[in-house]
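Here's the structure, in structure tokens; my notes come after.
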Amino acid sequence: MDDREIRSAIEELINAYGECLDDDRLEEWPDFFTDDCLYQILPRENADQGLRIAIIYCDSRGMLQDRVTAHRTANLFAPHLYRHLMSGVRIGSRQDGVISARTNYSVFRTAIDPIHYGATEIYSVGEYIDKIVFVGDVPKFKERVVMADTSRIQSLLVTPI
Amino acid sequence: MAAFNAQSRSEVAWPAEGVARVPYPVFFDSAIYALEQERLFRGPVWNYVALEAEVPKPGDFKATFVGETPIVINRGKDGALHAFVNRCAHRGALVCRELRGNRLSHLCIYHQWSYDLEGNLIGVPFRKGIDGNGGYAPDFDASQHSLHKLRIAASHGLVFVSFAEEVEPLEDYIGPVMRPWLDRVFNRPVKVLGYARQWIGGNWKLYNENVRDPYHASLLHLFNATFRLARSSQIGGSLADARGRHSLLHGYQREAEGETAAYTAEGIKTYQAKYALADPSLMETRQEYEIALTFSIHAIFPCLVVQQISNTLAARQIVPKGPDAFELIFTFFGYEDDDEEMRAMRIKQANLVGPAGFISLEDGHAIELVQQAIVRDREASSFIELGGRDIGSQAHLVTESSIRGFWQHYRELMGFN
Numbered sequence: 189m190d191d192r193e194i195r196s197a198i199e200e201l202i203n204a205y206g207e208c209l210d211d212d213r214l215e216e217w218p219d220f221f222t223d224d225c226l227y228q229i230l231p232r233e234n235a236d237q238g239l240r241i242a243i244i245y246c247d248s249r250g251m252l253q254d255r256v257t258a259h260r261t262a263n264l265f266a267p268h269l270y271r272h273l274m275s276g277v278r279i280g281s282r283q284d285g286v287i288s289a290r291t292n293y294s295v296f297r298t299a300i301d302p303i304h305y306g307a308t309e310i311y312s313v314g315e316y317i318d319k320i321v322f323v324g325d326v327p328k329f330k331e332r333v334v335m336a337d338t339s340r341i342q343s344l345l346v347t348p349i
Numbered sequence: 162m163a164a165f166n167a168q169s170r171s172e173v174a175w176p177a178e179g180v181a182r183v184p185y186p187v188f189f190d191s192a193i194y195a196l197e198q199e200r201l202f203r204g205p206v207w208n209y210v211a212l213e214a215e216v217p218k219p220g221d222f223k224a225t226f227v228g229e230t231p232i233v234i235n236r237g238k239d240g241a242l243h244a245f246v247n248r249c250a251h252r253g254a255l256v257c258r259e260l261r262g263n264r265l266s267h268l269c270i271y272h273q274w275s276y277d278l279e280g281n282l283i284g285v286p287f288r289k290g291i292d293g294n295g296g297y298a299p300d301f302d303a304s305q306h307s308l309h310k311l312r313i314a315a316s317h318g319l320v321f322v323s324f325a326e327e328v329e330p331l332e333d334y335i336g337p338v339m340r341p342w343l344d345r346v347f348n349r350p351v352k353v354l355g356y357a358r359q360w361i362g363g364n365w366k367l368y369n370e371n372v373r374d375p376y377h378a379s380l381l382h383l384f385n386a387t388f389r390l391a392r393s394s395q396i397g398g399s400l401a402d403a404r405g406r407h408s409l410l411h412g413y414q415r416e417a418e419g420e421t422a423a424y425t426a427e428g429i430k431t432y433q434a435k436y437a438l439a440d441p442s443l444m445e446t447r448q449e450y451e452i453a454l455t456f457s458i459h460a461i462f463p464c465l466v467v468q469q470i471s472n473t474l475a476a477r478q479i480v481p482k483g484p485d486a487f488e489l490i491f492t493f494f495g496y497e498d499d500d501e502e503m504r505a506m507r508i509k510q511a512n513l514v515g516p517a518g519f520i521s522l523e524d525g526h527a528i529e530l531v532q533q534a535i536v537r538d539r540e541a542s543s544f545i546e547l548g549g550r551d552i553g554s555q556a557h558l559v560t561e562s563s564i565r566g567f568w569q570h571y572r573e574l575m576g577f578n
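These protein sequence lines map, in sequence, to chains R and L. Here the working numbering = 1-based position in the first sequence + 188. Here the working numbering = 1-based position in the second sequence + 161.
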């Protein structure tokens with residue numbers, strides 16, 4: 189693959205990821221990652237101080253699946269919709285087949301509970317800091333750090349960003 | 162406005178059933194909320210504000226709140242802690258404009274009045290005027306213009322602040338019932354691992370009820386049951402201090418069969434036992450205390466919760482933001498001498514708690530559900546009779562006695578009889 193094809197595949201990965209979550213196809217969400225992945229939502233407040241506590245921390249594909257199972261069968265929360273907006277994909281270094289990328293994101297959350305039905309809020313803003321590998325022709329996240337500028341979480345966080 | 166206040170407050174007629182009922186206006190009435198700021202948060206209580214580990218060195222400061230009043234705590238050059246209201250003695254501007262950091266003095270940027278780490282005024286520009294013009298009168302006395310200093314004390318590595326002169330010493334306030342349990346968690350120096358912030362659209366007291374409520378644990382939080390993990394029918398209990406204000410909920414693990422029996426017998430939906438974790442490493446724990454509790458939730462009136470859930474440790478600060486919202490700030494910590502495996506375990510287990518916690522995220526939702534439903538009805542009240550109508554310790558988890566204890570102390574401080 190030449191650089192243009194790689195960029196195009198990575199942009200498609202990043203956009204398809206957001207679409208998957210916005211369409212509530214959570215069961216497909218772990219497929220965007222390699223088996224030995226790292227996914228975390230890390231408040232910038234912590235990262236800037238070198239602190240490691242994350243809001244969600246998954247260091248395997250199994251942990252991603254467990255998040256989905258809990259979301260579907262265990263956790264209780266106000267029903268809502270997400271809308272991801274991504275922009276400014278920057279593809280950085282490539283080392284040993286691992287490609288770095290950074291992308292700004294914002295997530296709007298729209299309530300569909302009977303009290304706040306239809307109300308939208310800016311739920312989370314930040315950037316994705318990714319390490320991507322190609323498995324055959326398919327790019328996957330080996331590491332996806334959701335570096336969240338938004339550290340004050342409204343109500344709760346149950347749906348991945 | 163006077164009419165509004167009179168109506169708002171005088172109508173808190175507590176039901177005859179006492180602490181087994183809570184009239185809903187205490188959760189939504191803005192006049193009651195304002196009164197709480199005076200009588201409760203600025204009253205004879207110790208408000209948790211920080212871990213000592215957050216301000217280890219001289220000059221280290223943290224901006225935080227007592228109730229809704231912005232304050233600053235810092236460590237002086239002599240190593241002692243100091244606290245003051247974060248408001249310039251000149252014209253009322255916020256002096257400290259950063260969340261945390263290290264400074265050897267604090268400067269109000271509005272007119273550059275500066276203060277030392279104890280809150281004393283040490284610099285006033287143009288005090289004697291310019292070329293004989295203006296300035297302050299010769300009798301200007303800088304010592305009369307300190308920042309509003311607050312009482313500050315630390316115990317178990319936890320820092321508390323009080324507005325009140327008459328409050329008992331901190332050790333007595335924590336009291337003999339709670340002290341040994343804090344000794345257990347704070348048995349050696351701790352290290353901050355990170356923060357999480359959750360903004361919940363409900364009254365701050367609903368959260369105080371929540372952390373004193375073992376009833377909801379297995380019924381609202383379905384994660385453990387869904388994945389066949391330890392449930393709260395396990396052995397445990399609810400300890401209360403003599404005045405009811407503080408509480409410890411704690412649980413030991415019990416044999417799996419005995420535990421599930423109580424649920425299956427009642428056909429409670431929380432016992433599903435259908436799923437297994439795809440990655441069970443989340444539940445790998447290390448036994449690190451002599452008293453092997455799977456969880457211990459220490460609630461210190463009015464705004465601190467210290468949690469130990471497996472190996473996750475956190476201090477949670479409850480910061481009220483009006484009658485219908487509060488911020489919950491989690492400060493996760495471990496011990497300074499944790500090895501890397503232990504630290505990694507704590508970071509992974511943090512998935513269980515906090516704003517996205519598998520066994521805690523519902524709390525934010527449940528509290529908002531209450532706040533959304535209780536509007537307007539001044540005569541209506543909640544019903545809190547699980548495990549009786551009294552306060553005090555109980556050697557099981559099927560009780561709301563600690564919630565009643567909270568309300569007993571609340572009524573005492575607020576004068577709601």
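For each residue, glycine too, the CB sits at the ideal point set by N, CA and C.
Rounded Cβ spacing between residue i and residue j (contact assumed at less than 8 angstroms)
i, j, result
"R290 of chain R", "I317 of chain R", "6 angstroms"
"G398 of chain L", "Q555 of chain L", "6 angstroms"
"V338 of chain L", "L400 of chain L", "6 angstroms"
"I244 of chain R", "N234 of chain R", "About 13 angstroms separates the two Cβ atoms, so there is no contact after all."
"V187 of chain L", "V173 of chain L", "7 angstroms"
CA nearest to the CA of residue i, picked from the options
i, options, result
"C464 of chain L", "L:H317, L:P330, L:N369 and L:R261", "L:N369"
"N371 of chain L", "L:A527, L:K352 and L:Y194", "L:A527"
"R288 of chain L", "L:E279, L:S275 and L:G280", "L:S275"
"Y185 of chain L", "L:G363, L:H557, L:R404 and L:P350", "L:G363"
"I461 of chain L", "L:K482, L:K509 and L:R404", "L:R404"
"F491 of chain L", "L:E449, L:S457, L:L354 and L:P481", "L:L354"
"A299 of chain R", "R:A242, R:R192, R:Y270 and R:L252", "R:Y270"
"S139 of chain L", "L:R358, L:R252, L:G220 and L:P330", "Nothing can be reported for residue 139 of chain L: it is not among the residues displayed for chain L, which extend from 162 to 578."
"S312 of chain R", "R:A262, R:Q283, R:S343 and R:L226", "R:S343"
"P375 of chain L", "L:R565, L:P286 and L:Q448", "L:R565"
"R261 of chain L", "L:R389, L:Y356, L:V346 and L:D302", "L:Y356"
"V480 of chain L", "L:D190, L:S304 and L:A224", "L:A224"
"R258 of chain L", "L:I270, L:S191 and L:A177", "L:I270"
"L343 of chain L", "L:H309, L:L474, L:W360 and L:D277", "L:L474"
"Q253 of chain R", "R:K319, R:V321 and R:F220", "R:F220"
Partner residues on chain L for residue i, Cβ-Cβ distance less than 7 angstroms
i, result
"R240 of chain R", "L354, G355 and I508"
"T257 of chain R", "Y436"
"Q342 of chain R", "W360"
"G250 of chain R", "A439 and D440"
"S312 of chain R", "Those do not exist, as S312 of chain R stays about 11 angstroms from chain L at its closest Cβ, beyond 7 angstroms."
"Y245 of chain R", "I508, K509, A511 and N512"
Neighbouring residues, chain L, relative to residue i (Cβ below 8 angstroms)
i, result
"Y227 of chain R", "Neighbours of Y227 of chain R on chain L: none; closest Cβ ~11 angstroms, over 8 angstroms."
"G206 of chain R", "Going along chain L, no residue has its Cβ under 8 angstroms from G206 of chain R, so there is no contact; the nearest lies around 19 angstroms."
"I303 of chain R", "Q533"
"I287 of chain R", "Correct list: empty, because the minimum Cβ distance to chain L is about 26 angstroms."
"N203 of chain R", "Neighbours of N203 of chain R on chain L: none; closest Cβ ~24 angstroms, over 8 angstroms."
Continuous alpha helix (DSSP H) stretch holding residue i: start and end
i, result
"A505 of chain L", "E501 to Q510"
"S294 of chain R", "Not the alpha helix (DSSP H): S294 of chain R falls in the beta strand (DSSP E), residues V286 to A299."
"F189 of chain L", "P186 to F189"
"D254 of chain R", "R249 to T257"
"D318 of chain R", "Looking at the DSSP string, D318 of chain R is not in any alpha helix (DSSP H); the run it does join, the beta strand (DSSP E), is T308 to V323."
"N369 of chain L", "W365 to N371"
"P337 of chain L", "L331 to V346"
Chain-ordered chain R contacts of residue i [CB-CB under 7 angstroms]
i, result
"H526 of chain L", "L264, F265, A266, S343 and L344"
Residue i: first and last residue of the uninterrupted beta strand (DSSP E) it sits in
i, result
"K223 of chain L", "D221 to V227"
"L226 of chain R", "F221 to P231"
"C246 of chain R", "I244 to C246"
"R358 of chain L", "V351 to I361"
"F384 of chain L", "Where F384 of chain L is concerned, there is no enclosing beta strand (DSSP E), although the alpha helix (DSSP H) it sits in stretches over F384 to T387."
"K328 of chain R", "V326 to A336"
"V233 of chain L", "T230 to R236"
Chain-ordered chain R contacts of residue i [CB-CB under 8 angstroms]
i, result
"T387 of chain L", "T257, A258, T261 and A262"
Where residue i meets chain R, residues with beta-carbon distance less than 9 angstroms
i, result
"F519 of chain L", "D254, R255, A258, A262 and N263"
Chain-ordered neighbours of residue i on chain L, where CB pairs are closer than 9 angstroms
i, result
"N292 of chain R", "In chain order: nothing, as chain L lies at least about 21 angstroms away."
"S339 of chain R", "Y356, A357 and R358"
Distance cut-off 7 angstroms: residue i Cβ against heavy atoms of the ligand COA
i, result
"N578 of chain L", "Ligands in the displayed structure: none, and consequently the ligand COA is not present."
C-beta neighbour in chain B for residue i, strict 8 angstroms
i, result
"E233 of chain R", "Checking the listed chains, one finds no chain B in this structure; the protein chains it contains are R and L."
Is it a yes or a no for the stretch 285-300 of chain R touching the stretch 194-212 of chain R, going by three-plus beta-carbon pairs under 8 angstroms? By the Cβ test, the stretch 285-300 of chain R is in contact with the stretch 194-212 of chain R, since at least three Cβ pairs between them sit closer than 8 angstroms.
Should the stretch 500-513 of chain L be regarded as contacting the stretch 337-350 of chain L, the criterion being three or more beta carbon pairs within less than 8 angstroms? No, because fewer than three Cβ pairs between the stretch 500-513 of chain L and the stretch 337-350 of chain L fall closer than 8 angstroms, the two stretches do not touch.
Is the stretch 192-210 of chain L close to the stretch 448-459 of chain L, with three or more CB pairs under 8 angstroms? no
Say whether the stretch 315-328 of chain L touches the stretch 209-216 of chain L, bearing in mind that this needs 3 or more beta-carbon pairs closer than 8 angstroms, one atom from each stretch. yes
Inter-stretch contact (C-beta, 8 angstroms, three-pair minimum) for the stretch 292-304 of chain L and the stretch 230-238 of chain L: no
Touch check for the stretch 263-280 of chain R and the stretch 447-454 of chain L: three-plus C-beta pairs under 8 angstroms? no
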